[in-house]
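Start counting the sequence shown at 3; every next residue gets the next number (my numbering).
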Amino acid sequence: MNIHAKAALLAASATLVLSAGAALAKDAPKIGVSFQEMNNPYFIVMNEEVTAFAKLLGDNTEVYVADARHDVSKQLSDIEDMVSKGVNILVVNPTDSEGVRSAVEAAKAKGVTVVSVDAQAAGVDAFVGSKNYDAGVLACDALIKDIGGKGEVAILDGIAVVPILERVRGCKDALAKAPDVKLVDIQNGRQERDIAVDVVENMIQSHPDLKGVFSVNDGGSMGALAAIEGSGKDIVLTSVDGAPEATKAIAAGTAFKATAAQFPRDQMRIGLAIALAKYMGAHVPAVIPIDVELVDQSNAATFAW
């Protein structure tokens, strides 16, 4: 989806919500939102959009929000609880794409409209998420450029959900087109800063000629940056997300050179609007891909989610 198509979709979504707000003023749907985590700025801004959406629909709109804390068992329980409270619309940001299937199917069996955002969830009515393969390509093309097209690189991997797998696949495909760049290590930083520090320190010790690291998310990349700076070596870092802390580091001229930015606000806005359209009887697309954008020193100072 290009920027013009995205703008048109956002405008259409806003029109739908405003008109639906009037139509549903006396009988607004109950909305449930299940996040994989909520201690991440990425999901915090998504949750802000949930609150804004509910206000557009009217003061009597009930919203339930839950944090699975990366525990699929808790997420299943959270969703079951929301369904028992009578939600009509359920937005799921799954901690395990396949693991939430039973809860999704149970919700749909009771007439609940279910949409997933950011990460695909099995069995949903629609999915709104970033072009994660493209994000991996963008970030690793930037990595190749910043190391001068040659040298050893590593991937700081994460949890095995579809978006992360797609970012790694995109990165590997980009690296494969650079014959003088060698992928020497892939380790899992669990997308967490504290874990990533130790993982990247080990990478640097194991590969003294390491020239670059691709991190699958900005949270992990901040730990990677600390490890790189602590090593005193000239190692380039790129990532995915566009988080405020990451763009600040890029703008400051650190080893963190670029991130393929996502648009979490847009994902939630469109996801909720699509769910509302489906709830009201519309036929909706099964997948709505959202473009990503490379943020580097040329635009990091002005970029924001």
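Here a beta-carbon is modelled for each residue, glycine too, at the ideal position from N, C-alpha and C.
| Check | Outcome |
| --- | --- |
| Take the Cβ of Ala288 as the centre, count every other Cβ of all protein chains shown within 10 Å, and call the residue buried at 16 or more, exposed below. | exposed |
| Since Asp127 contacts Val117 with CB under 8 Å, what's their CB separation in whole angstroms? | 6 Å |
| In three-state terms, what does DSSP make of Gly138? | helix |
| Counting beta carbon pairs with one atom in the stretch 122-139 and one in the stretch 95-111, are three or more of them shorter than 8 Å? | yes |
| Gln77 to Gly150, Cα distance in whole Å? | 44 Å |
| Please name the residue in Ala137, Ala302 and Lys87 whose C-alpha comes closest to that of Pro165. | Ala137 |
| If you drop the 5 nearest sequence neighbours on each side, which residues of the same chain put their C-beta closer than 7 Å to that of Gly273? | Val93, Val117, Val119 and Val130 |
| What's the C-alpha gap between Asp148 and Ala141? | 11 Å |
| DSSP three-state label for Ala262, please. | strand |
| Go through the stretch 78-115 residue by residue and report every complete run of the beta strand (DSSP E) that reaches 3 residues or more, in order. | 91-94 |
| Sorted by chain position, which residues of the same chain lie with C-beta nearer than 6 Å to Ala245's C-beta, five sequence neighbours on each side aside? | Pro43 and Asp220 |
| Residues in its own chain within less than 6 Å of Ala306 by CB, not counting five upstream and five downstream? | none |
| Return the bridge partner residues of Leu212 from the DSSP annotation. | Glu154 |
| Can you give the Cα-Cα distance for Gln269 and Pro291, rounded to whole angstroms? | 9 Å |
| So what does DSSP say about Gln38, is it helix, strand or coil? | coil |
| Taking the alpha-carbon positions, what's the Ala24 to Ala303 distance? | Confidence at Ala24 is low in this model, with a pLDDT of 47, below 50, so the placement of that residue should be treated as unreliable; the coordinate-derived value is given next. Near 40 Å, if we compare the C-alpha coordinates of Ala303 and Ala24. |
| Which class does Ile146 belong to by DSSP, given the choice of helix, strand or coil? | helix |
| Quick one: what does DSSP say Ala24 is sitting in, helix, strand or coil? | For Ala24, the predicted structure reports a pLDDT of 47, less than 50, and the residue's modelled location is therefore unreliable. A value from the coordinates is still provided. Helix at Ala24. |
| Return helix, strand or coil for Thr240, following the three-state DSSP convention. | strand |
| For Gln370, count the other beta carbons within 10 Å of its own beta carbon; 16 or more makes it buried, fewer makes it exposed. Which is it? | The structure shown does not extend to residue 370, since the chain spans only 3 to 307, so no value can be given for it. |
| Under a three-way DSSP split, which group does Pro165 fall into? | helix |
| Can you give the beta carbon distance from Ser36 to Ile81, rounded, assuming they're within the 8 Å contact cut? | 5 Å |
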